[in-house]
Amino acid sequence: MDLFFILSKLFWVIVNPGNLLILLLVLALLKGWKTLSSSIALCLLFITFYPAGNLLLQPLEKRFSLPVTLPENIAGVIVLGGAEEAELSSIWQQPQFNMAAERDMAILPLMQRYADVPIILTGGSGSVRKPEFRGADVLQSWLQGQQLDHRVIFERDSRNTFENAIYSQGVLPAGIEFNDSRGWLLVTSAYHMPRSVGIFRAQGWNVIPYPVDYYSMPAGFNSVRADLGKNLHELSIGVREWVGLGAYFLTDKTDQLFPSETLEISLNE
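Position in the sequence shown counted from 1, then plus 727, gives you this note's numbering.
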């Protein structure tokens, strides 16, 4: 198990906004720091009523858009895992999905549109403690029930987006190239698309962004809602993605801090 994977998990335990606020609150109470305690209370009050995550998610989700017209001829489709609840699926003996289920839902219409291209679902386990529960196995079970699993190549060893890009190369059918000039449709959550595009490009993939699973609303007073759980969840998604962009850039897993359409255009030329 590589050091980057372990450190990234430990770091996120600390900087996850919900965890960080609780840790700071406990410290403030133990030390008697009233100013810090009051500041944390005000911060939680603000998050309770205002979806601050919109401010972080909007630029991420707007970075790429669906192609106005899908290309007629592509090299294949890559779907990033993360929508599958592998441990819950094992416990309840039926496929379980989370709020990112649009990633996997996109497979069916793309199967119908592109009948003769490879479709890769890449997703193992992102858990340090329970690596035996793998996302690709969940989707394979779900597609088996519809007799469609034969159309999909399942890559089940990757633990993060960098490994998605690396290990997907190893499951390509003979004669299929990851840098094919026709391009691969890359399917993932819209907020995760900038980092995914940067990582796949850095590994030589020619990808066409196909974002799904949107979370953010335009920031403004109309988006006010009293829902601490949802607001904190979306804030955590935004913080994690921006931290991920920086971490992957600093560790040379991507050569663009905030990838855009520009390089994609030059690849196709």
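Backbone N, C-alpha and C fix where the C-beta goes; we use that ideal spot for every residue, glycine too.
Asked                                                                                                          : Found
DSSP three-state assignment for Gly925, whether helix, strand or coil                                          : helix
Residues near Lys957 by beta carbon distance below 8 Å, same chain, minus five either side                     : Pro778
Pro822 - DSSP class collapsed to helix/strand/coil                                                             : coil
Identity of the residue in Leu875, Arg909, Gly910, Gly853 nearest Glu890 by Cα                                 : Gly853
CB contact below 8 Å: Leu797 versus chain B                                                                    : Checking the listed chains, one finds no chain B in this structure; it contains a single protein chain.
Contact check, Val865 vs Glu882, beta carbons under 8 Å                                                        : no
Three-state secondary structure (DSSP) of Gly851                                                               : coil
Residues sharing a beta bridge with Pro938, DSSP                                                               : Thr915
Cβ-Cβ distance between Leu681 and Ser764 below 8 Å                                                             : Because the chain in this structure spans residues 728 to 996, residue 681 falls outside the shown range and cannot be described.
Spatial distance of Ile880 from Arg840 (CA atoms)                                                              : 17 Å
Short Cβ contact (8 Å threshold) for Gly971 with Arg928                                                        : no
Ile805 in three-state terms, based on DSSP                                                                     : strand
Sequence-distant residues of the same chain with beta carbon closer than 6 Å to Leu815, five excluded per side : Gln823
Meets three-Cβ-pair contact criterion under 8 Å: the region 935–951 and the region 906–913                     : yes
Beta-carbon proximity list for Gln930, same chain, < 6 Å, skipping 5 on both sides                             : Ala892
Where Ile733 falls, given that 16 or more other Cβ within 10 Å makes a residue buried                          : exposed
Any 3 or more C-beta pairs closer than 8 Å across the region 950–964 and the region 769–783                    : yes
Beta-carbon gap between Glu961 and Tyr941 smaller than 8 Å                                                     : no
Enclosing alpha helix (DSSP H) for Phe889 [first to last residue]                                              : 888–897
Assigned secondary structure, Ile903 (DSSP; H/G/I helix, E/B strand, else coil)                                : coil
Rounded distance between the beta-carbons of Lys857 and Ile926, thought under 8 Å                              : Incorrect: roughly 24 Å between the Cβ atoms, too far for contact.
Assigned secondary structure, Glu799 (DSSP; H/G/I helix, E/B strand, else coil)                                : coil
Through-space distance from Gly850 to Ser792, alpha-carbon basis                                               : 23 Å
Closer than 7 Å: Gln983 CB and nearest the ligand PLP heavy atom                                               : Questions concerning the ligand PLP fall outside what the structure shown contains, since it holds no ligand whatsoever.
Whole-angstrom distance between Ser766 and Glu811, CA atom to CA atom                                          : 37 Å
Through-space distance from Lys761 to Ala755, alpha-carbon basis                                               : 7 Å
Delimiting residues of the beta strand (DSSP E) encompassing Val879                                            : 879–882
Start-to-end residues for the alpha helix (DSSP H) that takes in Phe776                                        : 761–776
Minimum C-alpha distance to Phe905 - residue among Thr796, Ser885, Ile847, Val795                              : Ile847
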